[in-house]
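Numbering (the numbering used here), first residue to last: 18 to 326.
Don't be surprised by glycine CBs; every beta carbon is placed ideally from N, CA and C.
So the structure is just underneath, and the comments pick up after that.
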């Protein structure tokens with residue numbers, strides 16, 4: 018009896034063992050996956066084409082050189098340059114590849130006698146006469162090595178006034194010196210410049226500071242330099258002084274509309290510096306540097322904002 022019970026228990030134990038699932042084999046622990054960090058490439062600043070609009074003002078135009086020096090000192094190099102009258106003279110030489118220091122050397126070495134047929138001192142004398150301006154044309158062409166406007170290193174434009182229609186004309190191709198001469202030909206003092214079938218006079222009559230033309234030439238960010246004289250309440254009554262007073266009044270009204278389209282306006286403190294005061298050229302250059310330096314934080318901030326748009 019005992020043996021039968023033992024055999025039965027043994028048989029049940031065996032059958033139970035056979036129906037039990039064996040434990041799973043040990044599994045090696047899985048290492049957590051390494052997630053590579055996502056690298057986001059920095060957004061490149063937007064390409065902004067800087068334009069420089071240089072206004073007219075005879076010998077006061079030496080201040081443009083100081084502005085250019087200050088801009089270059091901060092790594093700001095305009096790609097587009099457009100000038101009126103004296104601004105076209107400086108603009109042409111700058112567009113030809115001269116940096117601010119080279120422009121200053123040229124200014125300090127300039128001999129008024131070599132450009133005597135347009136010499137500004139004659140504008141303020143009591144004598145009358147019509148000046149040709151051919152010496153100015155020759156001076157500019159020599160300085161740019163006779164390169165036509167479209168071959169200059171920077172995109173360049175000179176603004177003149179069509180004497181027949183009264184409309185502003187932007188020269189961008191052809192004889193550089195001739196375009197500058199047309200832009201600088203003050204009516205009744207210089208002979209109008211004949212180009213093709215049209216006659217041209219000083220661009221200051223229609224665009225004292227050519228901001229909108231800089232925009233037309235493709236500038237995204239415009240730095241305007243205004244060297245215009247203010248109307249003089251004590252102006253004398255000679256014919257030339259009356260003419261200059263008229264230009265000053267016209268320029269003030271035109272600049273209200275022209276300058277508002279500029280991103281930055283630089284106005285060198287030239288006081289009552291006369292348009293024929295070549296002796297003050299160094300002071301004018303310094304005034305341009307100081308005026309540009311004073312607004313440099315504003316220039317950098319606005320330029321940075323434009324690059325991030």
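Minimum C-alpha distance to residue i - residue among the options
i, options, result
"residue 88", "305, 246 and 191", "305"
"residue 308", "209, 239, 82 and 292", "82"
"residue 171", "104, 64 and 111", "111"
"residue 294", "65, 79 and 67", "79"
"residue 206", "213, 129 and 218", "218"
"residue 275", "229, 215 and 300", "229"
"residue 93", "68, 108 and 105", "68"
"residue 271", "284, 86 and 245", "245"
"residue 285", "300, 277, 215 and 273", "300"
"residue 188", "208, 181 and 231", "231"
"residue 214", "167, 182 and 127", "182"
"residue 117", "107, 90 and 86", "86"
"residue 105", "119, 126 and 173", "173"
"residue 211", "220, 233 and 180", "180"
"residue 127", "209, 315, 297 and 310", "297"
"residue 134", "277, 208 and 169", "208"
"residue 278", "233, 315 and 267", "233"
Spatial neighbours of residue i in its chain, beta-carbon cut-off 6 Å, leaving aside the 5 residues before and after
i, result
"residue 227", "70, 99, 101 and 176"
"residue 325", "none"
"residue 222", "178"
"residue 146", "In this predicted model, residue 146 has a pLDDT of only 42, less than 50, meaning its place in the structure is not dependable; the value taken from the coordinates is given anyway. Here the set comprises nothing."
"residue 154", "194, 195 and 198"
Integer-rounded CB distance, given that residue j should sit under 8 Å from residue i
i, j, result
"residue 72", "residue 225", "5 Å"
"residue 124", "residue 103", "The pair is not a contact, with the Cβ atoms about 11 Å apart (cut-off 8 Å)."
"residue 193", "residue 243", "Not quite, the Cβ-Cβ distance comes to about 24 Å (not below 8 Å), so this is no contact."
"residue 318", "residue 282", "Their Cβ separation, rounded to whole angstroms, is 15 Å, which puts residue 318 and residue 282 out of contact at 8 Å."
"residue 292", "residue 77", "6 Å"
"residue 161", "residue 109", "6 Å"
"residue 119", "residue 169", "No, residue 119 and residue 169 are not in contact; Cβ-Cβ is about 14 Å, not under 8 Å."
Unbroken alpha helix (DSSP H) run spanning residue i, endpoints
i, result
"residue 289", "From DSSP, residue 289 is part of no alpha helix (DSSP H); its letter is neither H nor E."
"residue 194", "193-200"
"residue 83", "80-90"
"residue 317", "313-325"
"residue 180", "Taken as a continuous stretch (DSSP letters only), residue 180 belongs to no alpha helix (DSSP H), as it is neither H nor E."
"residue 110", "103-112"
"residue 219", "Where residue 219 is concerned, there is no enclosing alpha helix (DSSP H), although the beta strand (DSSP E) it sits in stretches over 215-219."
"residue 159", "151-160"
Terminal residues of the beta strand (DSSP E) in which residue i lies
i, result
"residue 185", "185-188"
"residue 117", "Careful: residue 117 lies outside any beta strand (DSSP E), inside the alpha helix (DSSP H) at 117-126."
"residue 277", "It is not in any beta strand (DSSP E) - residue 277 carries neither H nor E in the DSSP assignment."
"residue 237", "From DSSP, residue 237 is part of no beta strand (DSSP E); its letter is neither H nor E."
"residue 70", "67-71"
"residue 210", "210-212"
Other residues of its chain near residue i: CB distance less than 8 Å, five sequence neighbours each side excluded
i, result
"residue 66", "96, 97, 235, 236, 237 and 238"
"residue 63", "323, 324, 325 and 326"
"residue 165", "190, 191, 192 and 193"
"residue 216", "179, 180, 181, 209 and 210"
"residue 310", "87"
Any non-hydrogen atom of the ligand PLP within 6 Å of residue i CB
i, result
"residue 241", "Because no ligand of any kind appears in the structure shown, any question about the ligand PLP cannot be addressed here."
Chain-order list of residues whose beta-carbon lies under 7 Å from that of residue i (same chain, five-residue window excluded)
i, result
"residue 287", "77, 80, 244, 301 and 304"
"residue 320", "65 and 238"
"residue 312", "281 and 283"
"residue 289", "none"
**OP:** Determine contact between the stretch 198-215 and the stretch 146-156, defined as no fewer than three beta-carbon pairs at a distance below 8 Å.
**Re:** yes
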